[in-house]
Each structure stands twice: as C-alpha cells, then as structure tokens.
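There are 2 protein chains.
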Amino acid sequence: MGTTWDDRLRTAGLRVTRPRLAVLGVLTEHPHVDADTIATAARAVHPSISPQAVYGVLRALVEGGLARRIEPAGAPALYELRVGDNHHHLVCRECGAVADVDCVVGAAPCLSPSETAGFLVDEAEVVFWGICADCRQSRVVVRRDRSATPAAAIGRGVGA
Amino acid sequence: MGTTWDDRLRTAGLRVTRPRLAVLGVLTEHPHVDADTIATAARAVHPSISPQAVYGVLRALVEGGLARRIEPAGAPALYELRVGDNHHHLVCRECGAVADVDCVVGAAPCLSPSETAGFLVDEAEVVFWGICADCRQSRVVVRRDRSATPAAAIGRGVGA
DNA sequence: CTGTTGATTTGACCGAGTCAAGACAACAGG
DNA sequence: CCTGTTGTCTTGACTCGGTCAAATCAACAG
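Here it is, written out as structure tokens:
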C-alpha cells in the first residue's frame, strides 16, 4: 500500500503526532500486542510516551478504523492493524500467542445463526483456543489422562 | 435430570454447602449472570455470603464442570449452567443481554480452519455481536458504551 | 461425637483501564 | 514565519473486576 501513516491518520481526522507514529510502528512490527508491550516498545522511539498516552492513541486508532482491538478471555486486550477484512484468531492457552486465521469458507453458515432470538447481528467473532507449536514441543511429559486431552474436547467446540 | 445438585457436587468431589447451593439456585433462575449479580441474588437465600465466597464457589463449579464461564469483551465474566454441549452466544452491544445459540450447522466448516499455524485447536468460541430486540425498539438507549465500534464492525464479521 | 480437611470470611492487594485538569504541540490562517 | 485554536499528551488520582493469604468455620468420615 502506497498510503503513508501520515495520510491514513489525517484521512481518519486525526493529527499526526510522534506518539501515534511510534505506536503504529510497534504494531507494524508486532502484529498482536497488548498496551503495556506497546508502551515499552514505543519508548524506544519516543521515550517520553506515557502509558495513558498509549491508551489514548490506541483508542483513537480503533475509533478511526486504523486498528482493531481483540480481547481474549482472561488476558489483557491486544491490538492489530489488520482491519476491514474478516479474519479470526488462534490463541494459545499456555503462552497466549496469537495467530491470524482467514475464514476459508465463503458462506460461513455457522456464522449466521438461524435462531437469533430477536437480535440484529452485525458481527461474528471467532476465537480458536488451543496449544501453539512451541508450547506443544516444550511439554516434556506425555499426557496420560486421555479424557483431558484436546482430542476428547473436539466435537464440543470445533464443528457441531 | 433426576440428579440433584447435592449429587452433582459430590460427584465432582465438592462438598455440599449452603453458599454453593445458593449460587446454583441463582444460576438456575438466571441463565447468564455476572459474579456481582449472583452475590446479590444469593444473599436472599444465604444472607452472610461474601463476594469472595461467590468467586470461590464459581471457580469450584467451573473447575468441577458444573458451570461455564464466558467473558464477553469489555464486560465482566458471566456464568451459566449449560455445560458439555456446544452452544454459543448472542451478546447485545447496548445492554449486554446474552442469549444462547445452538450451532445449527453440523459440519461448521468455518470452525475447523485448514490453516492452524501449528496450533492444536481444541475449542472454537463464537460470539455474535448485535442489538437485542428490546434495545432496538427503545432507541432512547442509555449507551453502555463499549470500546468496540459497532458502525465499523458492520459487514466485517458475519459471512465472509 | 470428634477430628480432619476443605470451604468461607475478612481484608489487603493487584492489574488493566478510565477520568479529569493542565501543559503542550499540530496545523490553519494570516 | 508567527500566532491562535484546538486536539493531544502528561500527570496523577481513581474505579472496577478479580485475586491472594490468614484465620475461622463447617462438612462429613470414622
């Protein structure tokens, strides 16, 4: 994309400031990070940035449509720059790592429930919970309790 | 189900106590409530119950498989007794109301992503965001302003 | 009835995030 | 380039949801 962050900020009606460019820089390098990590990383570029400024910047970016906020259960909110497309997330139960998943099916039948109980639905949010490759390998002990293995859980959440 | 709460608690290796029965009673009447509401309602049955006791009871119930915890983005956690089956939730952006949705499609292709980035997925969590019937009618709404941006979200999640 | 052990109470504490007031800087207009 | 306006950032207090730890209490096995 040819458009610069300056352009995109201004297009969204936002002023171009150092804190904002710093946060955008961090988000470009790290696709899914929390506010605290952003603050720490942004400080390398703009040392005086305060935690509250990060919250303010992130809110402005989200409201301006430049960033998206995701809130995995039990963890602080994460921010990403991929907006406008429909993609979901894989979250590691152990380390919290997040990966993007493109929704491969065009129709996505499961995402338009026939029974909406009178709700006017405008978004379907999907989170896939599991164990990432790294955490799986670092598990020295082979699980013996089969009932607790992910395999037993499949069929509950995935597909059904 | 013929089984009593007493039985189910004991089966899960939990002692039968007044606070636990009080919380289970509240959850039976109110299918999706937060810890604070549970505490208030439970006090009608067991006046001395403390907020922390409610957290403790809820944790025990979740760990024992008697209750399920759901954490809608930007709102306190909710608890429900429906466990073991696969169902998802509709959440109202304005009032926070929650309704159950059975996943009607058997195969649910969107819920088993082909590209799992090395993750071993064991659960797919789906949340449908929208406006409930009540809030749609009473457009005078008191905004329970969530961090999400309803307008920007339209057309992102559902079907695609 | 009594002892053990798990559950509850009480109260301090924590992390994530918000709110508000004042200082500051981006940018429009001259 | 300078200046004023107004949006943004800094600083610091505060809220909310929830956890942690020590001491008391009660479930239930014997």
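Protein sequence lines, in the order shown, are assigned to chains A and B.
With our numbering, letter number 111 in the first sequence gets 111, and the count goes up by one each step, no holes.
With our numbering, letter number 131 in the second sequence gets 131, and the count goes up by one each step, no holes.
Just so it is clear, CB atoms sit at the ideal spot from N, CA and C, and this is done for glycine as well.
These numbers come from a predicted model, not from an experiment.
Taking the Cβ atoms as the reference, residue 99 of chain B lies roughly 7 Å from residue 89 of chain B, within the contact range of under 8 Å.
Counting along the chain, residue 36 of chain B sits inside the alpha helix (DSSP H) bounded by residues 35-42. Distances from the alpha-carbon of residue 16 of chain B to those of B:51, B:31, B:57 put B:57 closest.
Classified as exposed, residue 95 of chain A has fewer than 16 neighbouring CB atoms from the shown chains inside 10 Å of its CB. Here DSSP, grouped into helix, strand and coil, assigns residue 80 of chain B to strand. With the criterion set as a beta carbon lying under 7 Å from some beta carbon of chain B, the members of the segment 122-138 of chain A are 122, 123, 124, 125, 126, 127, 128, 129, 130, 131, 132, 133, 136, in sequence order. At a cut-off of 8 Å between beta-carbon atoms, residue 80 of chain B makes no contact with chain A. DSSP lists no bridge partner for residue 65 of chain A. Shortest Cα-Cα distance from residue 124 of chain A to any of A:18, A:27, A:70 involves A:70.
Look at residue 24 of chain A here: in three-state DSSP terms it is helix.
Bounds of the beta strand (DSSP E) holding residue 92 of chain A are 87-92. In the DSSP assignment, residue 133 of chain A falls within the alpha helix (DSSP H) that extends over 133-137.
Taking a contact as a CB-CB distance under 8 Å, the pair residue 64 of chain A and residue 13 of chain A counts as one, their CB atoms being some 7 Å apart.
With respect to chain B, the C-beta atom of residue 74 of chain A has a partner C-beta closer than 8 Å. When DSSP states are grouped into helix, strand and coil, residue 118 of chain A belongs to the coil group.
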